[in-house]
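Counting from 1, position 159 in the sequence shown corresponds to residue 158 in numbering that gives the first Met the number 0; the numbering is continuous, with no gaps.
Cβ coordinates follow ideal geometry from the N, Cα and C atoms, glycine included.
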Amino acid sequence: MKFKYCPLCGRELEEKYSWDEGGVPYCAHDNIMYFDTPKPCVVVAVIKDNQILLLKQSYIFKNSKVLVSGYVTNGETVEETVYREVKEETGITVGNIKYLGSNYLATKEIIMLTYMAEYLDGEINKSSEVEWVDWSNIDDALCEMQEDEIGKEVVRKVLKEIKYSGNKAYRCNL
Ligand SMILES: [Zn+2]
Numbered sequence: 000m001k002f003k004y005c006p007l008c009g010r011e012l013e014e015k016y017s018w019d020e021g022g023v024p025y026c027a028h029d030n031i032m033y034f035d036t037p038k039p040c041v042v043v044a045v046i047k048d049n050q051i052l053l054l055k056q057s058y059i060f061k062n063s064k065v066l067v068s069g070y071v072t073n074g075e076t077v078e079e080t081v082y083r084e085v086k087e088e089t090g091i092t093v094g095n096i097k098y099l100g101s102n103y104l105a106t107k108e109i110i111m112l113t114y115m116a117e118y119l120d121g122e123i124n125k126s127s128e129v130e131w132v133d134w135s136n137i138d139d140a141l142c143e144m145q146e147d148e149i150g151k152e153v154v155r156k157v158l159k160e161i162k163y164s165g166n167k168a169y170r171c172n173l
């Protein structure tokens with residue numbers, strides 16, 4: 000987001016030259032440069048044997064299931080976000096997390112840091128912000144996530160990581 004006014008004091012920002020970034024909105028009063036940075040968010044594919052944890056959140060996609068996701072909170076590491084979001088949204092504890100790459104969502108200025116994680120323990124205990132959460136067979140994930148392009152890309156990476164050898168999982172891979 001390109002800032003025009005200082006979020007702290009409300010003064011109009013001036014441009015300050017930063018040698019590697021060019022002109023950056025700057026508040027002289029607070030001595031802060033407001034770089035045009037994306038919002039970091041995690042997307043997590045939680046795996047338990049041949050199952051994957053899928054959620055239903057209609058405000059994201061009306062007819063698709065999605066993976067666990069959430070914003071990185073200031074003060075925590077991205078790895079901490081992964082553990083925290085899975086725990087908060089589903090009640091599950093995960094371990095052995097693996098980074099699968101990032102996707103940029105231009106419409107929302109979000110940088111999605113994608114991970115897979117292994118189920119460790121806990122029973123499903125969904126938060127109120129989640130309509131539905133349950134294990135799905137990994138074979139059915141791509142079919143159940145039709146609208147979620149980035150989520151499906153993560154699932155395809157997971158299938159490679161677990162060395163999935165069948166064809167069934169790809170039948171909805173359009
Ligand atoms: Zn200011």
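Rounded to the nearest whole angstrom, the CA to CA distance from residue 92 to residue 116 is 10 Å. Taking the Cβ of residue 8 as the reference point, at least one heavy atom of ligand 1 falls within a distance shorter than 7 Å.
In this structure, the beta-carbon distance from residue 54 to residue 131 falls below 8 Å.
The segment 71-151 contains, as complete beta strand (DSSP E) runs of 3+ residues, the segments 92-104, 109-120 and 131-136 (chain order). Within its own chain, the residues whose Cβ lies closer than 7 Å to the Cβ of residue 71, once the five positions on either side in sequence are excluded, are 39, 40, 41, 77 and 80, listed in chain order. By the criterion of a C-beta distance shorter than 6 Å, residue 17 is surrounded in its chain by 23, once the five residues flanking it on both sides are discounted. When beta bridges are read from the DSSP output, residue 17 appears opposite 21. DSSP, read as helix, strand or coil, puts residue 168 in helix. Exclusion of the five residues before and after residue 124 leaves 90 as the residues of its chain whose Cβ lies within less than 6 Å of its Cβ. Per the C-alpha coordinates, the member of 45, 3, 51 and 118 positioned closest to residue 31 is 3. Closer than 7 Å to some heavy atom of ligand 1: that does not describe the Cβ of residue 142. Following the DSSP letters along the chain, one finds residue 1 in no beta strand (DSSP E), marked with neither H nor E. Residues of the same chain with a CB within less than 7 Å of the CB of residue 49, apart from the 5 flanking positions on each side, are 136 and 137 in chain order. Between residue 102 and residue 59, the C-beta gap is not smaller than 8 Å, which leaves the two residues out of contact. With a cut-off of 7 Å, the C-beta of residue 26 is classified as near ligand 1, since at least one heavy atom of the ligand falls inside that distance.
Annotation for residue 39: the continuous beta strand (DSSP E) segment containing it runs 38-47.
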